[in-house]
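Below you'll find the structure, written out as C-alpha cells, and then a few comments.
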Amino acid sequence: MKRKEKKTYWRGIHSPFFFDLARHLEGGGRYVDVAYDTGLVKAIDQIEGLRQDLRRSSDFIEVNDFGAGSRVFKRKSREVKKITRHVLQSKRVAFSLLRVLIFWRSPGRSKKILEMGTSLGLTTAYLAASGWDVETWEGCQQTANYARKNWKGLGCEDQIKSKVGIFKSLMEESQGGWDVVFLDGHHDRDATLAYVECLKTKLNPGGAILVDDIVWSKGMKEAWEKLLDDPHWNATMKWRGKGWLFNRDGEIEQHLKLRKSYISLSKFNKMKLFTIVFAAVTLLMSTQVQAQGTKDQMKTEKAGNSTSTEGASKIFGEMLVFDLNGKTIVKVSFDPIMDRMGSDKEALASSQQIGNFKFTSMGQALNVLSSHGWMVEHVWTTLERSGAVQHFILSHEVAKLTPVSPWLSKNTNTGTKG
Ligand SMILES: C[S@@+](CC[C@H](N)C(=O)[O-])C[C@H]1O[C@@H](n2cnc3c(N)ncnc32)[C@H](O)[C@@H]1O
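Structure follows, in C-alpha cells:
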C-alpha cells in the first residue's frame, strides 16, 4: 500500500517526539530548548567566518568523485569557493541539525553520529559543536585533507573521527552503533537504497537516518518512495529536500512532510533590518527638521534674552523592543530624574505619557516619539535567550538643563546598582 505523507507546520504535529524534532528544525530561537552558551556561539561564529573565507578562496582541489556526479563541476580540479557555494549544507540546515543534536543529548551517554560525505568539513564542525561523537566518511583523499586542515583551524579536530574510503567498503567493515546517520553523498537511487538497507542493522535502537537530496533527481525521488513504503520505517519526515527515517518502538505510524516556518529566519531578519532602517531614517529626517526649528528658536531667544537659553542640551530615554509569546513588546522609559532637570515642561509631560503608553509596534512608538521631538541616537540588537532585543537610545533637545546631583539629594543618598 502506498503511504501518504501529511503536510504540516511544526506547530501542528501531535506526536511529542516529532513535535520536538520539528520545533528544533523549524522553530524560531525562543521555541528551542537549547542554551546558547558563549562556547557554542563562538564555535558557530568561527565556522561561519571560515565559510566566508572559503567562499572567497582561490584554492583548487583535485577531486576524485565517487558520487552520482555533479551538475556544477565538469572537471576534476574544483574551486574551493564553488564547492563551498554549491555542495555544502547551508548554515540554516547545519544550525538546525546542531540544535536537534543538542536537544537529543542524553546525560551520561555520549551519542554517536555518522556523516557520510565530509566534503570541506563545515557541517561536520557543526555536528562536533553538539558534543556528540562524530564520525565522517569521505572518498576523496584531497578533500578529506582539506577538511582536516579546516578543523585544525577551528580547533575541533580532536572531536572528529575522519575516515577516507568509499562508502560501500567503509560500511562493510564498520561495527555501527550510531544514533543518527546523515547520508549526504552518493545521491544515486540504488546506492541510497543499499546504504539504508545496510544501516538498518547498524543503527542503535530508535536511531535515525537523514537522507539528503531526496528530490534532487528522478532516481532519488524513487528511492524515497521506496523507503516510504518500507514497513521497517514506521515514522518518516520530509524536511527541506531531505528525509528522516525512524524505526521507533511505540510510535504511532506517521509520515510527515514538514513545511518551512511561516517566515524563514533569513527573510525574517532581513524584514526586521528593513523595518529598523526605514523607521530610523524616517525618524531622523523628521527630527532633523524639528531639531533645526528648536535651534533656530534657541538662537532667537538667546538674542532676546541671554540667560534663558544658556547651555542648550539633551535629555535621554531608552526604548526596548522584543517579541514575547508572539506579541511585540515595546518598552519606553525615562528616568524620573528628568523631571528635576528639564525646563521644557511640555516635553517632560509628554514623555511621561509616552512612558506609560502601551505601544503595539515599534513603528507606532517611533512615530509617536518623533512627533514629540525625540530622536534615535543609537540602535543595537542583543541576542538574549528569549530572542532578539532591540535597544534604542532616544534624545530630546531642550533649551536648558538644571544641574542635578542625585548622590547629594536627600531622597537618593545611595545610588542604585545598574
Ligand atoms: C554533498 S558532499 C558533503 C557535504 C558535507 N556533508 C557538508 O555539508 O559540508 C558529498 C561528499 O561525499 C563524497 N562522496 C560521494 N560519494 C561517495 C562514495 N561513494 N564514497 C565516499 N565518498 C563519497 C564526495 O566526495 C563529497 O565530498
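Here the numbering used here is used: the first residue of the sequence shown is -19, the next is one more, and so on.
C-beta: ideal position from N, C-alpha, C; glycine also.
Computed from a prediction, not measured in an experiment: that's the story for all the values here.
- A heavy atom of ligand 1 is found nearer than 6 Å to the CB of Leu68.
- Per the DSSP secondary-structure output, Lys141 pairs in a beta bridge with Glu115.
- Secondary structure of Ser351 (DSSP, three-state): helix.
- Glu205 sits exposed, since fewer than 16 C-beta atoms from the chains shown fall within 10 Å of its C-beta.
- As summarised for the segment 10 to 38, there are no continuous beta strand (DSSP E) elements at least 3 residues long confined to that stretch.
- Residue burial is scored here from C-beta neighbours: Lys222 has at least 16 other C-beta atoms within 10 angstroms and is therefore classed as buried.
- In the DSSP annotation of this structure, Ile82 is not part of any beta strand (DSSP E); the continuous alpha helix (DSSP H) holding it starts and ends at Lys71 to Phe83.
- Shortest Cα-Cα distance from Leu381 to any of Thr361, Ser293 and Gly353 involves Ser293.
- About 7 Å separates the beta carbon of Thr98 from that of Trp117, a gap short enough to meet the 8 Å contact definition.
- When DSSP states are grouped into helix, strand and coil, His167 belongs to the coil group.
- Between Lys91 and Leu1, the alpha-carbon positions lie close to 16 Å from each other.
- Beta-bridge pairing by DSSP links His235 to Thr216.
- In the structure shown, Arg55 adopts coil according to DSSP, grouped into three states.
- Of Leu207, Pro211, Leu102 and Leu5, the smallest CA-CA separation from Arg65 is found for Leu102.
- Nearest to Asp192 by C-alpha distance, out of Pro211, His167, Asp303 and Lys198, is His167.
- When the beta-carbon positions are compared, His376 and Trp360 stay at least 7 Å from each other.
- Where Gln370 is concerned, the enclosing beta strand (DSSP E) starts and stops at Gly367 to Val378.
- If you check the C-beta of Cys120 against ligand 1, you find a heavy atom less than 6 Å away.
- When the Cα atoms are used, Cys136 and Phe83 turn out to be separated by approximately 20 Å.
- Within the chosen limit of 6 Å, ligand 1 does not reach the beta carbon of Asp168 with any heavy atom.
- Relative to the non-hydrogen atoms of ligand 1, the Cβ of Ser99 comes within a distance shorter than 6 Å of at least one.
- Looking at the backbone, the Cα of Val21 and that of Arg239 are separated by about 27 Å.
- In the DSSP annotation of this structure, the continuous segment of the beta strand (DSSP E) that includes Pro185 starts and ends at Leu183 to Val191.
- DSSP places Glu(-15) outside any alpha helix (DSSP H), giving it a letter other than H or E.
- Within 6 Å of the C-beta of Phe147 there is at least one heavy atom belonging to ligand 1.
- Remark: the C-beta of Gly29 is outside contact range of ligand 1, defined as less than 6 Å to any heavy atom.
- For Phe314, there is no enclosing beta strand (DSSP E), as DSSP gives it neither H nor E.
- Look at Asp164: its beta carbon is less than 6 Å from one of the heavy atoms in ligand 1.
- With respect to the C-alpha of Asp210, the residue from Leu263, Glu233, Ala171 and Asp138 having the closest C-alpha is Glu233.
- For Asp324, there is no enclosing alpha helix (DSSP H), as DSSP marks it with neither H nor E.
- Under the DSSP definition of a beta bridge, Phe302 partners with Ile309 and Val369.
- For Leu225, there is no enclosing alpha helix (DSSP H); the residue is part of the beta strand (DSSP E) that begins and ends at Lys222 to Phe226.
- By the criterion of a C-beta distance shorter than 6 Å, Lys61 is surrounded in its chain by Arg35 and Ser37, once the five residues flanking it on both sides are discounted.
- Distance from Asn130 to Gly157 at the Cβ level is roughly 26 Å; contact not present, criterion being Cβ atoms closer than 8 Å.
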